[in-house]
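>
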Amino acid sequence: MQNLQEYHILQQPIESFIISAEEVAHVQPDNSLEHALLVLVKSGYTAIPVLDTAFKLRGLISKAQILDSIIGIEKIEPDRLHNTTVTEVMSTTFACVKKNSPFEKALSFSINNPFICVEDEKGAFLGIITRSKLLAYLNGYLHDQKKRS
Ligand code: AMP
1 MQNLQEYHIL QQPIESFIIS AEEVAHVQPD NSLEHALLVL VKSGYTAIPV LDTAFKLRGL
61 ISKAQILDSI IGIEKIEPDR LHNTTVTEVM STTFACVKKN SPFEKALSFS INNPFICVED
121 EKGAFLGIIT RSKLLAYLNG YLHDQKKRS
């Protein structure tokens, strides 16, 4: 029985964990780094998705990448914030799952990623799943199992 329950949680679809696209702070590839930094600082997030005008996921941009890009050989060069676009600095490798992927896939991606992007079958961005949400759910589930045993 215990084994069946463990199987069940790992196979559960991740749809219910998605923070929908409308609630996700994002920037566009052509935005300046200054704009991206403002969005990141004001939202309090470490990294956010980069979406094009068709709402397709193009990459991720982080505070660390922006800060790294304005550091010159001997000094910080803040002018680069205006002169550089998000697309020049963003990372184009990121964790991404389909909305019908199982819990275990998202959990495994979350080991190395604080959030995972979710796309539909055509590659349209649907939202994100955060590691904290997955862990909170897993924690609740394991405590529940402990009470029942
Ligand atoms: P959290 O687990 O809520 O601390 O979120 C972990 C990371 O997921 C944040 O640092 C952001 O990079 C990303 N994130 C969470 N919620 C959002 C959101 N609403 N919009 C954009 N990024 C988010």
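Residue numbers (the UniProt record's numbering): 1 to 149. Glycine included, C-beta positions come from ideal geometry on N, C-alpha and C.
Which value, in whole angstroms, describes the spacing of the CA atoms of S132 and A106?
On the sequence shown, position 132 is the one that residue 132 refers to. On the sequence shown, position 106 is the one that residue 106 refers to. So the alpha carbons of these two residues sit roughly 12 Å apart.
> Mark A95 as exposed unless 16 or more other C-beta atoms lie within 10 angstroms of its C-beta, in which case mark it buried.
Your numbering for residue 95 matches position 95 in the sequence shown. So A95 ends up on the buried side.
> Distance, Cα to Cα, Q11 vs I111?
Against the sequence shown, residue 11 aligns to sequence position 11. Against the sequence shown, residue 111 aligns to sequence position 111. Whole-angstrom Cα-Cα distance: 18 Å.
> Could you pull the DSSP bridge partners for E22 from this structure?
Along the sequence shown, read from residue 1 onward, the residue named residue 22 stands at position 22. DSSP lists no partner for E22.
> Measuring alpha carbon to alpha carbon, tell me which of M90, S20 and A21 ends up nearest G46.
On the sequence shown, position 46 is the one that residue 46 refers to. Here the sequence assigns Thr to residue 46, which means Gly is not the residue at that position. Looking at the Cα atoms, M90 is the closest of the given residues.
> Less than 6 Å between C-beta atoms, sequence neighbours within five positions excluded: which residues of the same chain meet that for P114?
Locating residue 114 in the sequence shown gives position 114, where the first residue counts as 1. Answer for P114: R131, listed in chain order.
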